[in-house]
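S.K.: Okay, so the sequence shown: first residue is 3 according to this note's numbering, each after it adds one.
The beta-carbon is built from N, C-alpha and C at its ideal position, and this holds for glycine as well.
As the structure is a computational prediction, the values presented were derived from the model and not from experiment.
Before we start, here is the structure in question, set down as structure tokens.
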Amino acid sequence: MLLAKTEEQRNLLMKEMEKSGYRFVGKHSAVKICHWTKQSIRGRNVCYKCSFYGIESHRCVQMSPTVFWCNFNCPHCWRQHRYTLPPKDFNDWDEPSFILDGCTRAQLGILEGFWGSSSAEAKKVSQAMMPKHVAISLAGEPTLYPYLPEFIDEILRRDMTAYLVTNGTNPEMIEQLIEHQPTNLYISFYGPTPEMYRLTTASMISDAWEKVQQSIMLFPEFDCNTVFRLTLTKGLNFSQPEKYAEFIEKSQPKFVECKGFMAVGGARDRIGPQGMMTHEEMLRFAKVIEKNSSYRIINQKEESCVVLLAKEGTKEDALFLAD
Numbered sequence: 003m004l005l006a007k008t009e010e011q012r013n014l015l016m017k018e019m020e021k022s023g024y025r026f027v028g029k030h031s032a033v034k035i036c037h038w039t040k041q042s043i044r045g046r047n048v049c050y051k052c053s054f055y056g057i058e059s060h061r062c063v064q065m066s067p068t069v070f071w072c073n074f075n076c077p078h079c080w081r082q083h084r085y086t087l088p089p090k091d092f093n094d095w096d097e098p099s100f101i102l103d104g105c106t107r108a109q110l111g112i113l114e115g116f117w118g119s120s121s122a123e124a125k126k127v128s129q130a131m132m133p134k135h136v137a138i139s140l141a142g143e144p145t146l147y148p149y150l151p152e153f154i155d156e157i158l159r160r161d162m163t164a165y166l167v168t169n170g171t172n173p174e175m176i177e178q179l180i181e182h183q184p185t186n187l188y189i190s191f192y193g194p195t196p197e198m199y200r201l202t203t204a205s206m207i208s209d210a211w212e213k214v215q216q217s218i219m220l221f222p223e224f225d226c227n228t229v230f231r232l233t234l235t236k237g238l239n240f241s242q243p244e245k246y247a248e249f250i251e252k253s254q255p256k257f258v259e260c261k262g263f264m265a266v267g268g269a270r271d272r273i274g275p276q277g278m279m280t281h282e283e284m285l286r287f288a289k290v291i292e293k294n295s296s297y298r299i300i301n302q303k304e305e306s307c308v309v310l311l312a313k314e315g316t317k318e319d320a321l322f323l324a325d
């Protein structure tokens, strides 16, 4: 399995990842067209984030400012390579505006191929040329990027929305974001016990369990949509929903997503389809959380095996973005 510790290794990895549709920007960022972006352009279907939060899937940029680096090596992750931490002597970070410009440019370059396609809706192709959403969720751990607060500010300055997905093991960065809030802040929580958490994350840092708890306790400090995200895999962390409910109650996010593992990318070889659950199984899991918390199921999307819960009394339209 490829590593990305040295510049030479990163260059080799880039060549391999480009074959899978990644486009690289600068020294450590990348963008890749999401499956749901293509589906939306073709008028077939949309991402659950459209159903839940009102984003337009065909106008969403899926990217990462730290595509090579993460402090986890989760077996359920779709990455093909083995993650490492950034080299200790690495200090050559690209500027936020450079990354956002490059990712937008790369995305438009790929989507231009839809012009004139009989399978594409012309209106959506035209709209896709004006991206409106940035999902900082492609690969790697984005809080390792030291200019993440400025990057989020730059996204919002351009009248785009910022969706940040983090494993929450950098509470110092999460605290910085209180003054630089994204549109949606997702913190992934991989297990309600230290043993389950370690098994599911293969963490490279010894205190990840303690750090993620520090991060989720910061949820009440945010005005933006805060999402307690459960990525659940059979044989790893798809159990003890009542214990997950305890952490949800303690941290008080605005929303909870229960999302099922998908055997895609590198996860096909590491886990395979036996790690997947049916939507009915996911719904039963979410109902146990509902029973043991003050959160209620308000939406779901079967194709994505995902169930959304919100604090009791929350109106469904409270999630949707203002025009």
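Please state the DSSP three-state secondary structure of Val309.
M.R.: The residue given as residue 309 occupies position 307 in the sequence shown. Residue state, collapsed to three classes: strand.
S.K.: Quick test of your reading: Val229 and Asn186, contact by CB under 8 angstroms. State the CB separation rounded to the nearest angstrom.
M.R.: Within the sequence shown, numbered from 1, the residue matching residue 229 stands at position 227. Within the sequence shown, numbered from 1, the residue matching residue 186 stands at position 184. Val229 to Asn186, Cβ: 6 angstroms. Contact.
S.K.: Is Ile43 helix, strand or coil when you go by DSSP?
M.R.: Sequence index remark: in the sequence shown, residue 43 carries index 41 (1-based). Correct three-state label for Ile43: helix.
S.K.: Which whole-angstrom value is the C-beta distance of Gln183 and Asp225, which I expect to be below 8 angstroms?
M.R.: Numbered from its first residue, the sequence shown carries residue 183 at position 181. Numbered from its first residue, the sequence shown carries residue 225 at position 223. Indeed they touch by this definition, with Cβ atoms about 6 angstroms apart.
S.K.: Considering only residues of the same chain and omitting the five flanking positions on each side of Ile43, which have a CB-CB separation below 8 angstroms?
M.R.: Position 41 of the sequence shown holds residue 43. The residues are His60, Leu113, Phe116, Ala122, Glu123, Lys126, Val127, Ala130.
S.K.: Assign Arg286 to buried or exposed, taking buried as 16 or more other Cβ atoms, counted over all protein chains shown, within 10 Å of its Cβ.
M.R.: Numbered from 1 along the sequence shown, position 284 holds the residue referred to as residue 286. Exposed, by the Cβ-count rule.
S.K.: Which residues does DSSP list as the beta-bridge partners of His30?
M.R.: The residue you call residue 30 lines up with position 28 of the sequence shown. Answer by DSSP bridge pairing: none, since His30 is not bridged.
S.K.: Can you check which of these residues, Tyr246, Asn301, Ser190, is closest to Gly74 by C-alpha distance?
M.R.: Translated into positions along the sequence shown, residue 74 becomes position 72. Note that residue 74 is Phe in the sequence shown, not Gly. When each option's Cα is compared against that of Phe74, the closest is Ser190.
S.K.: Roughly how many angstroms separate the alpha carbons of Gly56 and Ala204, rounded to a whole number?
M.R.: Along the sequence shown, read from residue 1 onward, the residue named residue 56 stands at position 54. Along the sequence shown, read from residue 1 onward, the residue named residue 204 stands at position 202. Distance between the alpha carbons of Gly56 and Ala204 is about 34 angstroms.
S.K.: Would you decide whether Lys90 is buried or exposed? Buried here means 16 or more other CB atoms lie within 10 Å of its CB.
M.R.: Taking the sequence shown and counting its residues from 1, the one referred to as residue 90 is at position 88. Exposed.
S.K.: Jot down the residue ranges of each uninterrupted alpha helix (DSSP H) in the segment 197-226, minimum 4 residues, whole runs only, in chain order.
M.R.: List check, alpha helix (DSSP H) in window: 210-218.
S.K.: Runs of 3 residues minimum, wholly inside the segment 236-288: which ones carry the beta strand (DSSP E) assignment?
M.R.: Counting whole runs of 3 or more residues, the segment 236-288 contains the beta strand (DSSP E) stretches 257-262.
S.K.: Straight-line CA distance for Cys260 to Ser295?
M.R.: Stepping through the sequence shown from its first residue, residue 260 is reached at position 258. Stepping through the sequence shown from its first residue, residue 295 is reached at position 293. When rounded, the distance between both Cα atoms is 14 angstroms.
S.K.: Please determine if the segment 210-225 and the segment 161-172 are in contact, where contact requires at least 3 C-beta pairs separated by less than 8 angstroms.
M.R.: Contact holds: three or more Cβ-Cβ distances are below 8 angstroms.
S.K.: Are there 16 or more other CB atoms within 10 angstroms of the CB of Met132, so buried, or fewer, so exposed?
M.R.: Start at 1 with the first residue of the sequence shown, and residue 132 comes out as number 130. Classification of Met132: exposed, given that the 10 Å Cβ count is below 16.
S.K.: So His78 packs on Thr233, CB below 8 angstroms; how close in whole Å?
M.R.: Position 76 of the sequence shown, counted from the start, is the residue given in the question as residue 78. Position 231 of the sequence shown, counted from the start, is the residue given in the question as residue 233. Contact holds; Cβ gap of about 7 angstroms.
S.K.: Since Thr233 sits in a beta bridge, which residues does DSSP pair it with?
M.R.: For the purposes of this step, residue 233 is taken as the residue at position 231 of the sequence shown. BP columns for Thr233 point to Lys261.
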